[in-house]
Structure formats: C-alpha cells, structure tokens
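S.K.: One structure follows; several queries about it will come next.
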Amino acid sequence: MIGKSFQESQKKIPYLLLSPAFVISIIVLIIPMVLGIVIATKSVTQTTILDWFNAEFVGFRNFSRVLNPTEPIGRAFYSSILTTFRYGIISKALHFALGLIGALVVNRKFKGRIFFQTLFLIPLAIPSFISAIAWRFMFLRDWGLVNYLLVDVFKIISERPFWLVGENALAAVITAQVWKGWAFHYLMIFASLKGVPAELYEAVEIDGGGRFLKFWHVTYQHIKPILKVLLVVNGLRILNEFDTVFVMIGQRPPASVNVISVQVYNQAFVNWNFGLASSMGAIWLVLLVVMATVLAKLTNIYRTDTK
Amino acid sequence: MKKLSKFFWEKLLPTFIIVILSVYVILPLLNMIVASVKPLNEIQISKGGLWPSRFDFGTYVRMWSTVPLSKYILNSTIIVTISTAISIVVSVFAGYALDRFRFRGRKFFGHFLVSAQTMPNFLILLPLYLIYVFIRATFRIPMVGTYQGIIITYLAFTLPFSIWMMKGFFETIPRELEEAAFIDGCGYLTSIRKIILPLTVPGVTAVSIYAFLLGWQEVLFASALTDQSTRTISVGLRNYASTTSTYWNEMMAASVTVTIPIVAIFIFLQRYFISGLTAGGVKG
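Protein chains in written order, with the numbering used here: chain E, 1 to 307; chain V, 1001 to 1284.
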C-alpha cells in the first residue's frame, strides 16, 4: 500500500518539476511556431494588424508571391537568400581560417604566449552591439580610422570610399562580424589542440614526415570533431545573424548585406506586412531544416559523437 | 637553406600572424577608447587619425545627458536580471528532472530543447508580436513596450539552453548523494535544496552569466518590443549611433562605460564565462 503510493508519487515528480518549463515553452516557443504558419496564410497588413486574428485567409497566396521571381517581393526574397549565403559562407570561412591559424600560432612555446592567448579571447567579452558600433565608427567615410589608414597613411587608395553603403557594406559587415566570431572558433580549437599527445608528432618525425604531414595526420585528425561541431551546429547560426547588419548599417541596408533576418524584420516592422514576412520565414525555416540534415549527414556528426 | 626554412616557418611567419591578429583585435578597441576622450571637433578635423592633440574627459560626464544612458542601463538591468532569474529557477527544476528521472516524454522534451535552440529568433518575434497585439486588443493589457512583454520574450532564448546546460551539470553530480538523503527521510524538494543545489553553484553561476550576457546584448527583440520608456542599452545606443549627427566621442565613451563591467566579469569569472560559452555556444 505504502509502496504503491510512493511509486505513484514518484511518477508525478518529474512532470511537476518540468511543468514551469513546459508552460513557458508552450507560451514562448510552441504557440509562436504554430501561429507563424497561420499568419503566413493570412493577409496581415497595416490595416488589419489590430484585428489580425480575423484577417482574411489567403491560402498560399503569400507563399506564391514570395516565390515568384517576377514580382518585386520575390526578387527581394531570392536576393536576400543569396546575400545570406554569401555573407554566411565568407564569414564562416574566415572564422575557421583565423581561428585555426590563431590557435596554431599561440599554441607554441614562446615568451609572452599567455598574453596573446588571452588577448585573442577579448572579442568574446565585448557585447556584439558594442563591437558593431565600434566598427561602424571605424568605417565612417570622413572620421573613420580605416579610411585614415588606407588613404592617408598607407596611401593604398587615393579616394576615401564609403564603406557602409552599396557593395562595400559587405566587406565592412564581415570585418566586424568576423572580429567577434573568429575568437570563438579560436577558443574551441585552441582548447582542443591542448589535448594532442606530443608522442604522435614524434612518431611522424621518426617516419620522416615534415610540418605538413604532422599537421595533416596528427593535428587535423585530433581537432576534426570540434571542427565538425563548429560547422554543423554553429554554422547555421551565422545564417540567422541579425545584430551586426542591423546595428552597423541600420534599418534599410543595401542589397549586399540585406540578409534574410533583416529582410523578414523589415517586411514585418517597416512595411507592416506580417503575412508576407511570415511566409518568407516559413520557407527559410524549411531551408534551414534541410541544410541541417544534409550537413549532419555529410559530416556524420551524430555517429562519431558518442554522447 | 634548411635553417632558413625553419626560421621562416617557426619564427617569421608565426610572429607575422600574431602581429596581424593582435592589430585586428586591438585596433577597434583602441580607437574606441581614444575617441571617447577626443574633443568632437578633433574627430571631425583629424579625418580618422588616432591621436588627438588634446584630451577631453568631459565626454564621460556629458554622455549621461546626451543619451538617456542611465535609463537604458536601468531598463536593461531590470529586464535581464528578472528574465535570467526566472530561467535559472525554472531550469534548475527542469534540468534535474531531465537528468534524474526516466519518464514518458523525456526524450521528446530533450529533442525539443535542442531544436528550439536552433530556431531563429526572428521567426519567433513575429508571432509573439501579434500575440501581444492581440492581448492588448482583447484583454486591455499592454504588452509591447512594457517590461513584462520583453521579459517573457527573453525566456524564449534563455530557457532552452539554460535547461540544457543545467541538465549537463546535474549529470556530473553523483546520484547516490540524494538517494542517501532520501533514505534519511528528506523529500525531493529538501534533497534538491540541501544536497544538490549547493553542488550546482558553479553550474548556476555559469548559466546565469551566459544568460545575463546574452540578454544584455540582445538587439532583435528589444528593437521591436520596447519603446522610449523601456528601451534597453543595446537598442538605445544603436539608435543613437545610426543618427547622422552623432557625438561620436560621447558615443564611444558610453560604449566604453557599458563594456567595462562585462570585461571585468570576463576577467574575474573567466572559468565560468568560458564554460558557458563552450556549452551554450556549441551544443546550442
């Protein structure tokens, strides 16, 4: 009798403990996800937003407009997706390159290495909006340090370019984004490099292998798991990044940096067309899921990770 | 020849790379700090040159009235503290349940938490905004532009990873501890409070710092869901930075002021800071 009621009460405890988390998840995650699909099939615009629940049901019309390359909205959508990939791939490549090179050069015995090992972590401590503002200031045409160095000191360019508009904005935004992002990759790769056993390098040396064989057969093999995690889990994050463009360039960015997050945001909060914005979001979400699946399959990440 | 190649690969090239990366890291910060004590006309006539001919420390006084900086900081502190506190309390219970019990729906909830972390915030924002509009229209409770509105929203991104991280921390605490307490007559809540919670202090610290920092630098939700009276520091400074007649020296002084406490946290609590980053940033 006592045993049974004890077991009964034991069964309820996890649900009791989870109930606050569950309620909050329903409110802030599940309802919004479901509602996102509903809104995508409605005509929620400036005039209907206050009573959006009763707004006209338009079926797939929002979707077909967004996917139609002959309409301005469709063109904007496709251009945003291309921009997002360009931005994401270049940023990610630089994250990996700088993170790996940075980790390798400070993972050697030399005087003052602790200083540089710590210095490279500093960007992680700077809030992203501060780094975006600082880089906006760096890239101002007339008052920025970048143009001062390029034009006045090193005389690489003769005319001061505008960095925050047009095609140049991409370079400026990536410079700011990578400034913070590479440090994180450096941290993860550096931590993983510390576990490489020195004997393995000696073994390669005995076999007559040089620098590149050492890197390829020992270092790279050792850090491969962490590189995979950074690519799959963290890699998709850059595609949803919003802050750098929004803070550095502003509300109406040029096409070169009009990434999907900013595009959807503007469609909703500037043009007040939540129906179109939500259908863009839904399509993007499908793309994300597909990419996540493909990346996970390609890298075999869930099989090599024995967690 | 061999010696030369060794010198190149082991001395010259690494040194060169270290210098380049250090300049990349330091330059914007140095520029920010120096510009924060430049007179405004020096910023304009120096054409971006770094060193001013005289310093003006008055920027650190005037910035408080140029931008409603103290209000922004207060708003951010209120919003982020409350949302962090809620997600810590909720995630301690949930993380404990997920690690210690085997029950129906456990795996499902775990998967849900992982996928929720990859859900882009900008896709959650739109429906949440409309829900807030609906609540305002139906129940006459204001949500957009209020503390409660933005605090609830922040839980959408702090909660999933907080639970996930807490679960991970509980995994490191041996189960026998509370079984012993349970045999001695402690209830579950007492055993959590008296035995387990003291052991999770490092975990709770790491999760709190990470949740706090994420909230502190959040831009997307705050830009759509706050108004003049609830504006957070991130959106407040962003809005000021994108005006054309920005006092860049005061802007940079404000940036330095906002950054210093965070760098201080970073230096003093580096261990927690980094464990939060690695757990939340990668598994997230």
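Just so it is clear, CB atoms sit at the ideal spot from N, CA and C, and this is done for glycine as well.
1. Rounded to whole angstroms, how far is the Cβ of V:Ala1241 from the Cβ of V:Tyr1060, which I believe are closer than 8 Å?
2. When DSSP labels each residue in this structure, what does E:Phe57 get in the three-state scheme?
3. At least one CB of chain E closer than 8 Å to the CB of V:Ala1224: is that the case?
4. Please state if the CB of E:Gly275 and the CB of E:Trp182 are separated by a distance shorter than 8 Å.
5. For V:Thr1230 and E:Leu145, what's the separation of their Cα atoms in angstroms?
6. 8 Å is my cut-off, CB to CB: does E:Asn240 come that close to chain V?
7. Strictly below 9 Å CB to CB, what residues from chain E border V:Lys1167?
8. Please give the ranges of any alpha helix (DSSP H) in the stretch 1112 to 1175 of chain V, keeping only runs that are unbroken, at least 4 residues long and fully inside the region.
9. Let me make sure I understand the geometry here. Which of V:Ile1043, V:Ala1211, V:Leu1220 and V:Lys1038 has the alpha-carbon closest to that of V:Tyr1272?
10. Between which residues of its own chain and E:Val204 is the CB-CB distance below 7 Å, once the five residues before and five after are set aside?
11. Is there a C-beta anywhere in chain E that falls below 8 Å from the one on V:Pro1120?
12. The stretch 1019 to 1045 of chain V: which residues have C-beta closer than 8 Å to a C-beta of chain E, in chain order?
13. Taking V:Val992 and E:Phe120 to be in contact with their CB atoms under 8 Å, please state how far apart those CB atoms are, rounded to whole angstroms.
14. Identify the contact partners of V:Arg1193 in chain E, using a Cβ-Cβ distance below 7 Å as the criterion.
15. Among the residues of its own chain, which have a CB less than 8 Å from the CB of E:Ile39, if the five just before and after it don't count?
16. Return the CA-CA distance between E:Lys307 and V:Gly1168, expressed in angstroms with no decimal places.
17. Can you round the beta-carbon distance between E:Ala125 and V:Ile1141 to whole angstroms, since I take them to be within the 8 Å contact cut?
18. Answer with yes or no whether the minimum CB distance from V:Gln1217 to chain B is below 8 Å.
19. Between the stretch 1143 to 1156 of chain V and chain E, which residues of the former have CB atoms less than 8 Å from a CB of the latter, in chain order?
20. So what does DSSP say about E:Phe194, is it helix, strand or coil?
21. Which of the three DSSP states is assigned to V:Lys1071 in this structure?
22. On the three-state DSSP scale, how would you describe E:Lys42?
23. In chain order, what residues of the same chain have a beta carbon less than 7 Å from the beta carbon of E:Trp272, not counting five sequence neighbours either side?
24. Under 8 Å: do the stretch 1086 to 1096 of chain V and the stretch 1156 to 1163 of chain V share three or more Cβ pairs, one atom per stretch?
25. Among residues of its own chain, excluding the 5 on either side of V:Ala1222, which ones have a beta-carbon nearer than 7 Å to its beta-carbon?
26. Can you tell me which of the three DSSP states V:Thr1246 falls into?
27. Taking the Cβ atom as the reference point for each residue, do V:Val1092 and V:Val1023 lie within a distance shorter than 8 Å?
28. Cutting at 6 Å between CB atoms, please list the residues of its own chain near E:Gly99, excluding the five before and the five after it.
29. Residues in the same chain with beta-carbon distance under 7 Å from V:Tyr1247, minus the five sequence neighbours each way, listed in chain order, please.
30. Using the C-alpha atoms, what's the distance from E:Ala132 back to V:Leu1177?
31. DSSP three-state label for E:Met1, please.
32. Mind checking V:Pro1198: buried by the 16 CB within 10 Å criterion, or exposed?
33. Is V:Ile1124 close to chain E, meaning its C-beta is less than 8 Å from at least one C-beta of that chain?
34. What are the start and end residues of the alpha helix (DSSP H) that includes V:Glu1042?
35. Apart from the five residues just before and just after E:Ile223, which ones in its own chain have a Cβ nearer than 7 Å to its Cβ?
36. Please report the residue range of the alpha helix (DSSP H) in which E:Leu119 lies.
M.R.: In terms of the structure at hand:
1. So it is not a contact: roughly 17 Å between Cβ atoms.
2. If DSSP states are grouped into helix, strand and coil, E:Phe57 belongs with the strands.
3. Taking a beta-carbon distance threshold of 8 Å, V:Ala1224 counts as an interface residue toward chain E.
4. For E:Trp182 and E:Gly275, no; Cβs fall outside 8 Å.
5. As the crow flies, the alpha-carbon of V:Thr1230 is around 34 Å from that of E:Leu145.
6. With 8 Å as the cut-off, E:Asn240 counts as an interface residue toward chain V.
7. Identification of chain E residues near V:Lys1167 by a Cβ-Cβ cut-off of 9 Å yields none; the smallest Cβ-Cβ distance measures about 11 Å.
8. Taking only runs of at least 4 residues, the alpha helix (DSSP H) segments lying wholly in the stretch 1112 to 1175 of chain V are 1121 to 1139 and 1147 to 1171.
9. Answer by Cα proximity: V:Ala1211.
10. Here the set comprises Leu213, Lys214, His217 and Val218.
11. Yes - at least one Cβ of chain E is within 8 Å of the one on V:Pro1120.
12. When C-beta distances to chain E are compared with 8 Å, the residues of the stretch 1019 to 1045 of chain V below that value are Leu1021, Ser1022, Tyr1024, Val1025, Ile1026, Leu1027, Pro1028, Leu1029, Asn1031, Met1032, Ala1035, Ile1043 and Gln1044, in chain order.
13. For residue 992 of chain V there is no data in the structure shown, the boundaries of chain V being 1001 and 1284.
14. Within 7 Å Cβ-Cβ: nothing; V:Arg1193 doesn't reach chain E, min ~13 Å.
15. Closer than 8 Å at the Cβ level, and outside the excluded window around E:Ile39, lie Trp52, Phe274, Gly275 and Ser278.
16. Here the model assigns E:Lys307 a pLDDT of 40, short of 50, so the residue's position is not dependable, and the following value carries that caveat. Distance from the CA of E:Lys307 to the CA of V:Gly1168, rounded to the nearest whole angstrom, comes to 11 Å.
17. Actually they are not in contact, since the Cβ atoms of E:Ala125 and V:Ile1141 sit about 38 Å apart, beyond 8 Å.
18. Chain labels in this structure do not include chain B; the protein chains are E and V.
19. Flagged, chain order: Ile1152, Thr1153, Leu1155 and Ala1156.
20. According to the sequence provided, residue 194 of chain E is Lys. The question's Phe does not apply to it. In the three-state DSSP reduction, E:Lys194 falls in the coil class, being neither helix nor strand.
21. If DSSP states are grouped into helix, strand and coil, V:Lys1071 belongs with the helices.
22. E:Lys42 falls in the strand class under three-state DSSP.
23. If the five residues before and after E:Trp272 are omitted, its C-beta is found closer than 7 Å to the C-beta atoms of Thr45, Gln46 and Ile49, all from its own chain and listed in chain order.
24. By the criterion of at least three beta-carbon pairs nearer than 8 Å, the stretch 1086 to 1096 of chain V is in contact with the stretch 1156 to 1163 of chain V.
25. Here the set comprises Ile1150, Thr1232, Ser1234 and Val1235.
26. V:Thr1246: coil per DSSP, three-state reduction.
27. By the CB criterion at 8 Å, V:Val1092 and V:Val1023 fall outside the cutoff.
28. Close CB contacts of E:Gly99 within its chain, under the 6 Å cut and outside five residues either way in sequence, are with Trp182, His185, Tyr186 and Ile189 (chain order).
29. Answer for V:Tyr1247: Leu1040 and Thr1066, listed in chain order.
30. So the alpha carbons of these two residues sit roughly 47 Å apart.
31. Annotation note: pLDDT 42 at E:Met1 (below 50); position unreliable, no value reported.
32. Classification for V:Pro1198: exposed.
33. At least one chain E Cβ lies under 8 Å of V:Ile1124.
34. Note, V:Glu1042: alpha helix (DSSP H), Leu1040 to Ile1045.
35. Contacts found: Ile189, Ser192 and Leu193.
36. Start and end: Arg113 to Leu119.
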